[in-house]
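Asks: So that we are looking at the same thing, I have put the structure below in structure tokens.
Encoded structure:
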């Protein structure tokens, strides 16, 4: 067993109360007594506090002649847990283990049932005679009951009003009868028993070699008395040694509580225990068992050892197939709820995975990228970045920016009353090599180089066909396929071969698997919002720039919102036909998109059905065909024109009249199945769109259609005559006067190959090619000038740079993360420093990974957020960050409030606004610094790890680029590829956030988190309030930041959190959500002063001394504050400017004492050593012999000293309580115990000194 597994086992017996065996009790303060009561008693209660956070009651019964704990009732903050003869219920509902709810976790640990409440309470029952309660330090001097008052003073519980009470009298006072019960008190005669004849027997048992590690640190006298009483009470049994087992077991347990490690004292004739499977019994085993699902669990174990059944060394517990203990190499793997044995594999369209020792080893296969334009405004890029943009122009969707093979344009136009109602109006594909332009209109008509054509059509590099009346497909020979959906609204899906990775640009992104640079524009910078990015890809200078629209359309109509939630909710329903795809495609994005479109569109049903079909399409790309989804929704589209039929999987192969007389190229094309109307088997579609039998099909000869039995000529026309006037495709602009220096260009008086305003260049479109389908008359700039975007013309060399919608002139410099960028000739030139990666966790389980993936995960366990113990490097890492989630409300939502940082050989605990440092294991020491900056606590480690904690629910982690591709956990793997951020502990990439999150829980026995309901749907009365309060993110004073960082995801998280916090802490949840966006703004250099007396105020005046005004609120902090921890005022470029209360310290007191929040002189500054705090002039423990150290001027100064204080300090630290020894001690160790301990440590010289 590794030593580090036991490195975190300090003496905590002073916080433990227990009862066992024949009615024995040990109080928190170390009193042992005997009380043989079988009524209902208060075991422990926080009765000495103004508010009772917990109350524990217990009852014993006689079973087979032995007392057994038969009934336990635990009430914690309104939740009632009841244990009745091993049947467990919570609030009168039977539960199965493991169980977690409202901050209470019930689980089986070895042979024990453990109930943990996150207020700082742990109750452990062995299923029989023993019950142990462990309380946090915050409950000192607030308890009563059989466990005593927890004040560190022995025997004072047994005094009442100046009179001494016997244990029997004291125990009777704790009785609490049920309403219809009248239980008799225990008579005082029960306490007078003489069992001295068994003293030698019990002393021999308690000094067994198995306890050799215990009796020097734990007084055995009270256990000898308890043992004597046990044997005395069952002296008529044939085997009296069996009567000692309960007390011997308790001695072993309490030995572990004081930091000891009892060995196996049980034997065949003495309290032997056996185990199932191939497990072995150990008296001091690690309770955090290594399992197949978490083979490194023991390395993070903070619990002391316990007795029970454990796996042998070099084996782990198979918690997947439940086969007992097996070598790690034999562990199975799991995928989609199924178990795979080592060596087995599974394949998807884009990967092949093999199971190897419980870990998946996956190989990526060549797979196309898919970009979609859905609902007229939702764009999902090749790298799976989703954003919304309401355009009003032609835009470059995808373009081969390296070899200029092709360009895909999309025309987005306003199609309703409001600016947010936009539609996809046309799609154009240009093949630059053959100078071919193919355009598809919403009605399904296709034109090639301006000439409308009938389908199917095949020529050099293209095949165009309609597999159904709902879709048109353009298939190319160079790896590009466009699938245009026509019904119910026009949507586009672009499939691009992987050979084009890192070669494309446009609204569909750059296809390089990196999410964070998806909004990179031609000038070289990454834009912060979708509008700033998309405006750079418009093809016409005359189109106005569009703005980001953050309004929620569902907030405008209660009826529309109700309609959208009901029908779109089918996507999330685990019992719907869509559920079969949930493990392959996460439905949440499509659900939100469906709600938005259903509320935003005038034709709600059409947009809702289009959104549902988008999910069906996404599932089809993963090989999941949802064939019957229209049975209960959108069924009106099942009705087809006469002669056509509806199918969920329509094909075009051999379904047209043309295919009878010529080869059908569509049969050679691979595309995802589509639904819609088409011809049935045995019928064929002719040019009018009707399905006819073969006998009625026309023939096709040299472009002529020859109907059956006769010959006619049908010629396409570009123009239509209406009332004696020719109306042609494309709107002709009339002559108009143009503002100088613009001139009017008239296409009617120009040559046939002339171009007009469609090719007018502006500063934004200088690098854009002209995509002209016909000359358009209008005002243009003279040669040498370009449009300035405001109706004027300027020389090219005066064009500015743009970033996030702001214009910059040559020579201007902006800061982008850790790099500086200078504007030169309308392009940005940036330094090339490697910046830290950032992961954010805030509020109700909101995550933004290092690679930019956003998701929401709620769970009641501890989870690994980030670590570098990953893959094959599970032993040589340097850090782990673990968060524990605490419930925020009745909806099951959680907030990350407790954080643990395992840094080298230390553990840093962040909780309750403070931090604590303890030694953990024997790893290498990693230096670190702790700073208080405003409302934040910042930890900066020398290995490149930075944590910024708001002391509540938000945590920002920054990592040096040296950690790239070596990180795992809830923050993703930091490799730049957002597609694999949901990599589980066993190396499997999944799409379900619950499956991903549950794989990173620390304890395998902690229950899995399940999908929670939308808290605003559960708490409808809070929805309006939440939206109103959170709307500040899209209004003043955040408008300056809206152009830099999209506020929508922060707004949605804010509303969700504000709805979820329904049991108190409403304002805290709201303020945390708003502060998260404020911090994100600060990281990009935008300072936001948003707090006011009515909204999330910070009362900095609290820290001001009387009649002084040193402390003030600073929205973006004060740079380089001189503190006792940082007397030089050193600044970190990595840490952003943080809001909070800051002092303006006077010259005579220039340093801030962050613990006391006071301005002080340097000689009044404390010292900080390994997380410990030492006041000025106080002794600081040395790390060398014969050395004496003191805290002077915030630094530790040491001098030579023969007195050996280091030795004595370490011995006493081993024995005396680690926290604030001036408060109280555990049962004070005797001189014999202290001296024997010193001698065992080989420090005889110190023993003489101490004895003196």
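Residue numbers (the numbering used here): 81 to 1332.
All C-beta atoms, glycine included, are put in the ideal place defined by N, C-alpha and C.
Owing to the predicted nature of the structure, the values given are computational and were not obtained by experimental measurement.
Just tell me which of 205, 214, 206 has its CA closest to the CA of residue 199.
Replies: Comparing Cα-Cα distances from residue 199 to each of 205, 214, 206, the minimum goes to 214.
Asks: Do you know whose CA, among 924, 1240, 930, lies nearest residue 918's CA?
Replies: Among 924, 1240, 930, the Cα nearest to that of residue 918 belongs to 930.
Asks: Can the beta-carbon of residue 1077 be found less than 9 Å from the beta-carbon of residue 939?
Replies: Yes, the Cβ-Cβ distance between residue 1077 and residue 939 is below 9 Å.
Asks: Please name the residue in 831, 545, 258, 206 whose C-alpha comes closest to that of residue 388.
Replies: Minimum Cα distance to residue 388 is reached at 206.
Asks: Helix, strand or coil for residue 741 per DSSP?
Replies: Correct three-state label for residue 741: helix.
Asks: Expressed to the nearest angstrom, what Euclidean distance is found between the alpha-carbon atoms of residue 550 and residue 568?
Replies: Residue 550 and residue 568: Cα-Cα distance of roughly 8 Å.
Asks: With distances taken between CB atoms, is the gap from residue 629 to residue 499 smaller than 9 Å?
Replies: Yes, they are a contact pair.
Asks: Report, in whole angstroms, the separation of the C-beta atoms of residue 364 and residue 378, which I expect to be a contact under 8 Å.
Replies: So it is not a contact: roughly 13 Å between Cβ atoms.
Asks: Give me whichever residues DSSP pairs with residue 1010 in a beta bridge.
Replies: Paired residue(s): 1019.
Asks: State yes or no: is the C-beta of residue 984 within less than 9 Å of the C-beta of residue 958?
Replies: Yes, the pair counts as a contact, with Cβ atoms nearer than the cut-off.
Asks: Less than 7 Å between C-beta atoms, sequence neighbours within five positions excluded: which residues of the same chain meet that for residue 1128?
Replies: Cβ neighbours of residue 1128 beyond the five flanking positions: 630.
Asks: Quick one: residues in its chain with C-beta nearer than 7 Å to the C-beta of residue 1302, no 5 flanking neighbours on either side, listed in chain order?
Replies: Low local confidence applies: a pLDDT of 31 at residue 1302 is under 50, so the model's placement there is unreliable, with the coordinate-based value given in what follows. Hits under 7 Å: none found.
Asks: Relative to the alpha-carbon of residue 1159, which residue among 1171, 1196, 1149 has its alpha-carbon at the smallest distance?
Replies: Closest by alpha carbon: 1196.
Asks: Could you pull out every residue in the same chain whose Cβ sits closer than 6 Å to the Cβ of residue 1333, ignoring the five residues on either side in sequence?
Replies: Residue 1333 cannot be examined here, being either before or after the span of the chain that is shown, 81 to 1332.
Asks: When you compare each of 867, 862, 113 to residue 327 by their alpha carbons, which one comes out closest?
Replies: Residue 327 has its Cα closest to that of 113, out of 867, 862, 113.
Asks: Is DSSP giving residue 291 helix, strand or coil here?
Replies: Note: residue 291 maps to helix in three-state DSSP.
Asks: For the segment 414-433 against the segment 1053-1070, do three or more pairs of beta-carbon atoms, one drawn from each stretch, fall closer than 8 Å, so that the two count as touching?
Replies: Yes: at least three Cβ pairs fall under 8 Å.
Asks: Buried or exposed: residue 46, going by 16 or more other Cβ atoms within 10 Å of its Cβ?
Replies: Since the displayed the chain opens at 81 and closes at 1332, residue 46 lies outside it and no answer follows.
Asks: Could you give the distance in angstroms between the alpha-carbon of residue 1107 and the alpha-carbon of residue 1141?
Replies: C-alpha separation (whole angstroms): 14 Å.
Asks: With burial defined as no fewer than 16 other Cβ atoms inside 10 Å of the residue's Cβ, what is the status of residue 463: buried or exposed?
Replies: The residue is buried, with at least 16 neighbouring Cβ atoms inside 10 Å.
Asks: Does residue 175 come out as helix, strand or coil in the three-state DSSP assignment?
Replies: DSSP places residue 175 in coil when its eight states are reduced to three.
Asks: What does DSSP give as the partner residue(s) for residue 555 in the beta ladder?
Replies: Paired residues: 543, 561.
Asks: In the DSSP assignment, the beta strand (DSSP E) including residue 1239 goes from what residue to what residue?
Replies: From DSSP, the beta strand (DSSP E) with residue 1239 extends over 1238-1240.
Asks: Can the beta-carbon of residue 916 be found closer than 9 Å to that of residue 1039?
Replies: Cβ atoms of residue 916 and residue 1039: closer than 9 Å.
Asks: Using the three-state DSSP reduction, which class does residue 575 fall into: helix, strand or coil?
Replies: In this structure, residue 575 counts as strand in the three-state DSSP scheme.
Asks: Per DSSP, which one or two residues make a beta bridge with residue 436?
Replies: The partner list for residue 436 (beta bridge, DSSP) reads 439.
Asks: Please report how far the alpha carbon of residue 1091 lies from the alpha carbon of residue 876, in whole angstroms.
Replies: So the two alpha carbons sit approximately 55 Å from each other.
Asks: Per DSSP, which residues does residue 604 bridge with? Please list them.
Replies: Its beta-bridge partners do not exist; DSSP assigns none.
Asks: Quickly, what does DSSP pair residue 618 with across the bridge? List them, please.
Replies: The partner list for residue 618 (beta bridge, DSSP) reads 475.
Asks: Per DSSP, which residues does residue 511 bridge with? Please list them.
Replies: Beta-bridge pairing links residue 511 to 486, 516.
Asks: Assign residue 1278 to one of two classes, buried (16 or more other C-beta atoms within 10 Å of its C-beta) or exposed (fewer than that).
Replies: It is exposed - the Cβ of residue 1278 has fewer than 16 other Cβ atoms within 10 Å.
Asks: Assign residue 445 to buried or exposed, taking buried as 16 or more other Cβ atoms, counted over all protein chains shown, within 10 Å of its Cβ.
Replies: Counting Cβ neighbours within 10 Å, residue 445 comes out exposed, since fewer than 16 surround it.
Asks: Classify residue 469 as helix, strand or coil using the three-state DSSP reduction.
Replies: Residue 469 falls in the coil class under three-state DSSP.
Asks: Quick one, are the C-beta atoms of residue 96 and residue 212 less than 9 Å apart?
Replies: Yes, Cβ-Cβ distance for residue 96 and residue 212 is below 9 Å.
Asks: Below 8 Å, can you find three or more Cβ-Cβ pairs linking the segment 863-874 to the segment 580-592?
Replies: No, they do not touch.
Asks: Compute every distance between the C-beta of residue 943 and the non-hydrogen atoms of the ligand SAM, then say whether any falls below 8 Å.
Replies: The ligand SAM is absent from the structure shown, which contains no ligand whatsoever.
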